[in-house]
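These notes are about the structure you will find just below.
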Amino acid sequence: NAGVTQTPKFRVLKTGQSMTLLCAQDMNHEYMYWYRQDPGMGLRLIHYSVGEGTTAKGEVPDGYNVSRLKKQNFLLGLESAAPSQTSVYFCASSLGYLAGFTDTQYFGPGTRLTVL
Amino acid sequence: QQPVQSPQAVILREGEDAVINCSSSKALYSVHWYRQKHGEAPVFLMILLKGGEQKGHEKISASFNEKKQQSSLYLTASQLSYSGTYFCGTEGRGSQGNLIFGKGTKLSVKP
Chain Z
1 NAGVTQTPKF RVLKTGQSMT LLCAQDMNHE YMYWYRQDPG MGLRLIHYSV
51 GEGTTAKGEV PDGYNVSRLK KQNFLLGLES AAPSQTSVYF CASSLGYLAG
101 FTDTQYFGPG TRLTVL
Chain E
117 QQPVQSPQAV ILREGEDAVI NCSSSKALYS VHWYRQKHGE APVFLMILLK
167 GGEQKGHEKI SASFNEKKQQ SSLYLTASQL SYSGTYFCGT EGRGSQGNLI
217 FGKGTKLSVK P
């Protein structure tokens, strides 16, 4: 099992360009998440999905869009990149909300994005 | 609201103990602890559930005070491999299925 994989690992964009980050998991998890991590800020939730075809906003959703067309994939899009979106992006997946609590989240290796 | 972790950073010698605290202003259903080494992804350590049940790691323990919405992570007889940044993630009413992570505590263990 590969677990959670992310593509690409690194990317440099110019302001105004668009791109899509791909997250894939092979654990048959229902829930998937996108976080961004900035120095001293911890992990902040951008968007999440509780199942195929569903998405919802997290703490910092502005400037991002997501899609979950297949259960195993969760895409994060930046339509018009800004320097403030320079960050490390982590995808995670989990079995979800079971028996009254959120199950373990498994993280991908991250994508380091720089917007010039 | 983002939980508050303390201390922000701690330096230990091998074999010393450390306590990392996580405090929330809202009622919690669960607290999760993760460790992240430099340049790597966060890795799960343990879950603490409302009602006191604890699931997770063999050599690291934790407590969860539901009344105070606080959790503490106890690292005893620290090893070099314990170095990294520790994050707590809290799950509260209205955010079931999601975690709100603290800003992290950087732990450095020296020989």
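Sequence lines, in order, name chains Z and E. Just so we're aligned, residue 1 is where the first sequence starts under the numbering used here, counting upward by one. Just so we're aligned, residue 117 is where the second sequence starts under the numbering used here, counting upward by one. Every residue gets a Cβ at the ideal spot worked out from N, C-alpha and C, and that includes glycine. As the structure is a computational prediction, the values presented were derived from the model and not from experiment.
So, does the CB of residue i fall closer than 8 Å to a CB anywhere in chain E?
i               : result
Q25 of chain Z  : no
Y48 of chain Z  : yes
Q72 of chain Z  : no
Y97 of chain Z  : yes
F101 of chain Z : yes
F10 of chain Z  : no
G40 of chain Z  : yes
T111 of chain Z : no
L78 of chain Z  : no
Quick test of your reading: residue i and residue j, contact by CB under 8 Å. State the CB separation rounded to the nearest angstrom.
i               : j               : result
P119 of chain E : S139 of chain E : 6 Å
A43 of chain Z  : F160 of chain E : Per the sequence shown, the amino acid found at residue 43 of chain Z is Leu instead of Ala. The pair is not a contact, with the Cβ atoms about 13 Å apart (cut-off 8 Å).
M32 of chain Z  : Y106 of chain Z : M32 of chain Z to Y106 of chain Z, Cβ: 10 Å. No contact.
S197 of chain E : L128 of chain E : S197 of chain E to L128 of chain E, Cβ: 12 Å. No contact.
Could you check the C-alpha separation between residue i and residue j for me, to the nearest Å?
i               : j               : result
A92 of chain Z  : N214 of chain E : 11 Å
S188 of chain E : S146 of chain E : 13 Å
E30 of chain Z  : L98 of chain Z  : 11 Å
C23 of chain Z  : L113 of chain Z : 15 Å
L191 of chain E : D133 of chain E : 6 Å
F74 of chain Z  : R11 of chain Z  : 18 Å
G208 of chain E : K142 of chain E : 7 Å
T201 of chain E : Q17 of chain Z  : 33 Å
N181 of chain E : M162 of chain E : 15 Å
L165 of chain E : D103 of chain Z : 11 Å
Q152 of chain E : G53 of chain Z  : 31 Å
V115 of chain Z : G58 of chain Z  : 22 Å
Consider the Cβ of residue i: report whether some Cβ of chain Z lies at a distance smaller than 8 Å.
i               : result
M200 of chain E : The sequence shown places Gly at residue 200 of chain E, rather than the Met named in the question. Chain Z, which has no Cβ nearer than 8 Å to the Cβ of G200 of chain E, makes this no.
I176 of chain E : no
E182 of chain E : no
Y145 of chain E : yes
G230 of chain E : The requested residue 230 of chain E does not occur in the structure, where chain E is confined to residues 117 to 227.
G213 of chain E : yes
L223 of chain E : no
I163 of chain E : yes
A157 of chain E : yes
E207 of chain E : yes
Just reading off the beta strand (DSSP E) that residue i is part of, what are its end residues?
i               : result
E207 of chain E : G200 to G208
Q105 of chain Z : Run containing Q105 of chain Z: none; DSSP gives neither H nor E here.
R11 of chain Z  : F10 to L13
A92 of chain Z  : S87 to S94
K222 of chain E : T221 to K226
A81 of chain Z  : No beta strand (DSSP E) contains A81 of chain Z, which DSSP labels as neither H nor E.
Q124 of chain E : No beta strand (DSSP E) contains Q124 of chain E, which DSSP labels as neither H nor E.
Tell me the start and end of each unbroken beta strand (DSSP E) in the region 149-197 of chain E that is at least 3 residues and wholly inside, in chain order.
159-165, 170-172, 176-181 and 186-191
Ignoring anything shorter than 3 residues or poking outside the region 26-59 of chain Z, list the beta strand (DSSP E) runs there in chain order.
Segments of the beta strand (DSSP E) lying fully in the region 26-59 of chain Z: 31-38 and 42-49.
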